[in-house]
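Asks:
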DNA sequence: AAGTAAGCGAGACGGTACGTCGTGTCTTGGT
DNA sequence: ACCAAGACACGACGTACCGTCTCGCTTACTT
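Chains as they are written, first to last, in the UniProt record's numbering: chain E, 1 to 189; chain H, 1 to 189; chain Z, 1 to 189; chain R, 1 to 189.
(1) Give a yes or no on whether 8 Å exceeds the smallest Cβ distance from residue 179 of chain E to chain H.
(2) If you measure beta-carbon to beta-carbon, which residues of the stretch 107–118 of chain Z are closer than 7 Å to chain R?
(3) What distance in whole Å lies between the Cβ atoms of residue 86 of chain Z and residue 77 of chain Z, which are believed to be in contact at a cut-off of 8 Å?
(4) Between the alpha carbons of residue 110 of chain H and residue 83 of chain E, how many angstroms are there, rounded?
(5) What does DSSP give as the partner residues of residue 188 of chain H in its beta bridges?
(6) With distances taken Cα to Cα, identify the nearest neighbour of residue 169 of chain E among H:180, H:30, H:145, H:156.
(7) Buried or exposed, going by whether 16 or more other CB atoms sit within 10 Å of the CB of residue 51 of chain E?
(8) Going by other Cβ atoms of all chains shown within 10 Å of its Cβ, with 16 needed for buried, is residue 47 of chain R buried or exposed?
(9) Would you be able to state if there are at least three C-beta pairs under 8 Å between the stretch 13–23 of chain H and the stretch 9–27 of chain Z?
(10) Return the residue from the list H:114, H:116, H:163 that minimises the CA-CA distance to residue 136 of chain H.
(11) Considering Cα atoms alone, identify which of R:179, R:120, R:7 is closest to residue 133 of chain Z.
(12) Any beta carbon of chain Z sitting closer than 8 Å to that of residue 143 of chain R?
(13) Nearest chain Z C-beta to residue 124 of chain R closer than 8 Å, yes or no?
(14) Helix, strand or coil for residue 100 of chain R per DSSP?
(15) Within the 8 Å Cβ cut-off, does residue 160 of chain E reach chain H?
(16) Could you tell me whether the Cβ atoms of residue 158 of chain E and residue 66 of chain H are closer together than 8 Å?
(17) Going along chain Z, which residues have a C-beta under 8 Å from residue 171 of chain R?
(18) Consult DSSP for residue 31 of chain Z and reduce its assignment to one of helix, strand or coil.
(19) Would you report the Cα separation of residue 1 of chain E and residue 34 of chain E, rounded to the nearest angstrom?
(20) Output, in chain order, the set of chain H residues within a Cβ distance shorter than 8 Å of residue 30 of chain E.
(21) For residue 44 of chain E, would you say it is in contact with chain H, using Cβ-to-Cβ distances shorter than 8 Å as the test?
(22) Would you mind telling me which residues of chain H sit closer than 8 Å to residue 75 of chain E, beta carbon to beta carbon, in chain order?
(23) Please classify residue 80 of chain R as buried or exposed, where buried requires at least 16 other C-beta atoms within 10 Å of its C-beta.
(24) Quick check: the Cα distance between residue 5 of chain Z and residue 21 of chain Z, rounded to an integer number of angstroms?
(25) Using three-state DSSP, classify residue 48 of chain R as helix, strand or coil.
(26) If I measure Cβ to Cβ from residue 182 of chain R and keep anything under 7 Å in the same chain, skipping five residues before and after, which residues do I get?
(27) Taking only three categories from DSSP, how would you classify residue 25 of chain H?
(28) So that I know if they touch, is there some Cβ in chain E lying closer than 8 Å to that of residue 154 of chain H?
(29) For residue 180 of chain Z, which three-state DSSP category applies?
(30) If you reduce the DSSP assignment to three classes, tell me which class residue 146 of chain Z lands in.
(31) What would DSSP say about residue 8 of chain E, mapped onto helix, strand or coil?
(32) For residue 7 of chain R and residue 121 of chain R, I'd like the C-alpha separation in whole angstroms.
(33) To which residues of the same chain is residue 114 of chain R closer than 7 Å at the C-beta, ignoring the five residues directly before and after it?
(34) Only counting the same chain, and skipping five residues up and downstream in sequence, which positions put a Cβ closer than 6 Å to that of residue 112 of chain R?
(35) Which chain R residues sit within Cβ distance under 8 Å of residue 183 of chain Z?
(36) Do the CB positions of residue 128 of chain E and residue 74 of chain E come within less than 8 Å of each other?
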């Protein structure tokens with residue numbers, strides 16, 4: 001039962017304050033402007049308390065992604081019965097979600113962290129791809145059964161393509177130049 | 001023509017050495033391990049020569065992407081006549097290209113730079129998306145005319161989806177876990 | 001007593017190494033060739049550790065002058081009973097002391113520091129003038145009582161004149177061109 | 001007669017502007033804040049024009065000292081007939097002269113330059129000591145003849161002592177703490 | 001008059017040092 | 001054993017100057 005030696009227990013308050021400060025600073029100053037020192041100051045915590053539990057600032061972010069609601073990035077797929085409409089609505093919601101500069105900044109920052117540290121990439125994969133993939137697999141089975149989609153459609157590939165396109169637009173800053181995101185659904189047979 | 005004021009002219013040799021050193025170090029040490037100091041040392045150049053012409057290390061990378069062959073990232077789309085086979089081959093080539101750790105590191109580093117600095121994102125957009133989009137548009141017109149693809153298919157969306165999927169896998173480090181990249185083509189109606 | 005807040009205590013070892021390195025480098029390379037970077041390297045210390053405690057390299061030198069034996073610059077006034085002979089001997093000792101290039105370099109360097117930073121000047125004043133003045137005052141009282149000197153002689157003025165002449169020769173590099181330093185005593189009535 | 005080859009002649013205007021700018025900047029920002037780059041900018045001159053004629057910034061200052069009125073530092077010794085009164089007046093004038101912050105700054109800056117570069121020290125020696133010494137020698141001969149001073153008084157030593165005391169006070173910033181400068185004359189028998 | 005050559009303002013070059021910020025570690029006193 | 005605070009050695013930042021090296025231009029002496 002969670003055996004521990006003697007001594008003071010880990011402060012849950014400090015942990016939460018650190019994760020919270022990390023996300024706030026990430027969305028405000030970007031990944032480059034994020035430093036352990038600032039996180040510590042903002043969280044009202046000693047640096048050692050951070051280094052005791054995380055090996056690097058990207059590890060903190062990885063935990064942010066996995067913690068709670070995944071930094072708010074996991075949007076639910078609507079379930080109206082019309083799979084194409086649901087996907088289009090999901091994409092439109094994502095686009096609207098990213099219109100908020102703070103949230104776009106957060107997403108850019110997490111992308112930067114993922115590009116620099118494999119473990120953040122893995123965390124994002126776990127949170128985003130796996131969630132999307134499992135949601136899609138169940139819905140695709142229904143949709144194929146009801147004739148809305150052709151048989152053999154690979155939910156994993158679709159998840160990759162949808163999330164990848166969103167991520168690519170975040171990186172290239174291409175929100176306005178490109179066609180509307182929800183038209184993506186038209187590509188799917 | 002090419003009027004110049006007084007004073008010594010900018011050294012093209014220094015400029016080329018800087019861009020070259022930046023890409024080499026990026027693929028070797030990642031974006032986080034890339035420092036202006038090291039670029040200067042490797043290029044045999046004073047730091048001021050860098051700061052005179054570029055405001056930040058990401059600006060150097062943006063110029064790398066736009067310069068010459070776009071850091072080797074722009075792969076040609078084969079032209080066998082079978083559009084689906086060509087796209088699948090292009091994706092397979094991209095996957096093989098990224099098997100080389102140095103090239104994967106370079107791509108990850110550029111993704112990190114894009115996530116942190118809008119201008120690198122714009123440069124990548126210019127080099128990758130626009131190139132892919134225009135290549136696709138010409139080929140799609142032919143393919144639709146010859147009945148290989150259905151009418152109305154949007155080349156820009158397909159370009160986003162293909163590049164986005166590749167980029168997403170680079171970020172999430174998901175080369176092996178996911179289905180084969182060239183099956184993506186199967187999604188296109 | 002000696003109350004301290006939280007946090008690691010200041011390293012006395014680092015402080016001593018910095019002062020020592022500063023004096024060594026000053027006598028070797030002169031004030032112009034003295035850099036914080038080199039002091040830090042020689043002392044085996046980070047630059048920040050220097051800037052945390054001293055605002056500039058001249059402040060370090062000011063502390064060197066005040067610390068311990070005042071960089072060896074404070075020479076004792078002999079006490080034979082013959083005040084004129086003692087002063088002449090003191091001046092001769094000073095001249096011999098400055099024959100060593102390292103010590104002359106140190107003295108020149110401290111003069112440069114004093115000329116550039118008022119606080120070094122104040123430190124020198126404290127260490128040299130005040131020491132000389134108080135030594136002279138006691139001796140002058142005896143010498144006047146015993147009829148060696150006329151009444152009313154101002155020890156402070158004599159201290160200024162003696163030290164000033166030495167300093168002036170250091171600055172003008174005029175060790176050989178001018179009359180012998182110990183003849184100075186002949187000026188005093 | 002001043003044989004010269006072909007080519008443009010040296011610009012006397014540039015030379016004067018450089019010396020002028022050097023002295024101005026020296027009194028404004030001190031020796032440490034004096035840079036060839038700033039001299040060039042202030043004088044409206046290319047850096048190369050400076051380096052063509054002077055090897056360093058201290059060489060410029062040495063020439064300033066020797067040029068024209070010796071940067072205004074050479075004060076004339078009054079000639080009332082009473083040698084003690086004249087010396088006291090000369091010291092009082094010097095003290096008043098140095099009350100002006102710009103002139104004190106200039107003197108401090110030249111002292112710093114002298115401490116760092118032997119040639120500036122030599123220039124100051126030439127300008128100040130030699131001038132004072134020769135003035136004193138003539139006056140001392142008269143004063144000894146008229147019984148105002150005892151025989152055998154060494155003008156060179158007195159010059160050193162007077163100038164040295166003034167310089168020492170400049171360096172130690174000790175204008176107010178010490179006894180009045182013109183009382184120095186009382187030391188002379 | 002044309003040719004030649006040195007000096008000129010301007011400004012980029014390879015470097016060194018600056019003073020600041022951040023890293024990850026260590027130490028202190030307190031919980 | 002953990003915590004806030006904070007000093008430590010180290011490395012990179014972006015800036016200021018160093019002394020050198022072109023540029024295109026302006027004199028001035030030499031044919």
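A virtual CB, placed ideally from N, CA and C, is assigned to each residue, including glycine. Predicted model, so just to flag it, every value in this text is computed and none were measured.
Replies: Inspection of the coordinates gives the following:
(1) Against chain H, the CB of residue 179 of chain E has a partner CB under 8 Å away; the residue lies at that interface.
(2) If the cut-off is 7 Å between Cβ atoms, the stretch 107–118 of chain Z has 108, 111, 112, 114, 115, 116, 118 near chain R.
(3) Between residue 86 of chain Z and residue 77 of chain Z the Cβ distance is about 6 Å, and since that is below 8 Å, they are a contact.
(4) Roughly 35 Å between the two C-alpha positions.
(5) According to DSSP, residue 188 of chain H bridges with E:188.
(6) Taking only the C-alpha atoms, the option nearest residue 169 of chain E is H:156.
(7) With fewer than 16 other Cβ atoms within 10 Å, it is exposed.
(8) By the 10 Å Cβ count, residue 47 of chain R comes out exposed.
(9) These segments do not touch.
(10) Of the listed residues, the one whose Cα sits closest to residue 136 of chain H is H:163.
(11) Residue 133 of chain Z has its Cα closest to that of R:179, out of R:179, R:120, R:7.
(12) Taking CB atoms only, residue 143 of chain R has no neighbour in chain Z less than 8 Å away.
(13) Interface flag for residue 124 of chain R against chain Z is set, since a Cβ pair is found closer than 8 Å.
(14) If DSSP states are grouped into helix, strand and coil, residue 100 of chain R belongs with coil.
(15) Yes, contact with chain H.
(16) Their beta carbons are not under 8 Å apart, which means residue 158 of chain E does not touch residue 66 of chain H by this criterion.
(17) Chain Z residues near residue 171 of chain R: 111, 114, 115, 121, 124, 167.
(18) Looking at residue 31 of chain Z - three-state DSSP - the assignment turns out to be coil, as it is neither helix nor strand.
(19) Below a pLDDT of 50, predicted positions are generally treated as unreliable, and residue 1 of chain E, at 47, falls in that range; no measurement from the model is reported.
(20) Around residue 30 of chain E, the beta-carbon contacts reaching into chain H at under 8 Å are 116.
(21) For residue 44 of chain E, the answer is no, since every Cβ of chain H falls outside 8 Å of its Cβ.
(22) Here the premise fails: no neighbours, minimum Cβ distance about 16 Å.
(23) By the 10 Å Cβ count, residue 80 of chain R comes out exposed.
(24) For residue 5 of chain Z and residue 21 of chain Z, the distance between alpha carbons rounds to 29 Å.
(25) Look at residue 48 of chain R here: in three-state DSSP terms it is helix.
(26) Hits under 7 Å: 88, 91, 92.
(27) Here DSSP, grouped into helix, strand and coil, assigns residue 25 of chain H to helix.
(28) Residue 154 of chain H counts as touching chain E.
(29) Residue 180 of chain Z carries a coil assignment under DSSP once its states are collapsed to helix, strand and coil.
(30) In the structure shown, the three-state DSSP call for residue 146 of chain Z is coil.
(31) DSSP places residue 8 of chain E in coil when its eight states are reduced to three.
(32) In a straight line, the C-alpha of residue 7 of chain R is about 35 Å away from that of residue 121 of chain R.
(33) If we look at residue 114 of chain R and ignore the five residues flanking it on each side, its Cβ neighbours are 120, 121, 124.
(34) The answer, listed in chain order, is 31.
(35) Near residue 183 of chain Z (Cβ distances below 8 Å), the residues of chain R are 154, 157.
(36) Between residue 128 of chain E and residue 74 of chain E, the CB-CB gap stays under 8 Å.
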